[in-house]
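S.K.: Attaching a single structure in structure tokens format; questions to follow.
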Amino acid sequence: GLAFQVIDDVLDVTQTSEKLGKSAGKDIAAQKATYPAVIGLEGSRAEARRLTNAAQNALKIFGKEAEPLRDLANYLLAREY
Numbered sequence: 002g003l004a005f006q007v008i009d010d011v012l013d014v015t016q017t018s019e020k021l022g023k024s025a026g027k028d029i030a031a032q033k034a035t036y037p038a039v040i041g042l043e044g045s046r047a048e049a050r051r052l053t054n055a056a057q058n059a060l061k062i063f064g065k066e067a068e069p070l071r072d073l074a075n076y077l078l079a080r081e082y
């Protein structure tokens, strides 16, 4: 969940409203303390990767049963909109 939010914050800064399907840049306009505002884009991307890796490591105990969740985590990390 937190990795999703970090990526959402990054996309709000890096993508257009048309690509996102929602208003881009609203967080900056509202002066929200988003991940990119606090630790920058690269720091935010690194944090999203760290959080995703931690979540995937936690899923290891479930073996192949958790494969759909691992796939979803990878998709969310790589999404562009």
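Start counting the sequence shown at 2; every next residue gets the next number (the working numbering). Each residue gets a CB set at the ideal place from its N, CA and C atoms; glycine is no exception.
Can you give the Cα-Cα distance for glutamine 6 and glutamate 68, rounded to whole angstroms?
M.R.: C-alpha separation (whole angstroms): 22 angstroms.
S.K.: What's the gap between the Cα of glycine 36 and the Cα of threonine 53?
M.R.: Residue identity differs from the one stated: residue 36 is tyrosine in this sequence, not glycine. The alpha-carbon atoms of tyrosine 36 and threonine 53 are separated by roughly 15 angstroms.
S.K.: What does the alpha-carbon distance come out to for the pair leucine 73 and alanine 30?
M.R.: In a straight line, the C-alpha of leucine 73 is about 30 angstroms away from that of alanine 30.
S.K.: In three-state terms, what does DSSP make of alanine 34?
M.R.: Three-state result, alanine 34: coil.
S.K.: For tyrosine 82 versus lysine 20, is the C-beta distance shorter than 7 angstroms?
M.R.: It is a contact, given that the beta carbons lie within the stated cut-off.
S.K.: Report the rounded CA-to-CA distance for arginine 80 versus threonine 17, giving the unit in angstroms.
M.R.: Answer to the nearest angstrom: the Cα atoms are 14 angstroms apart.
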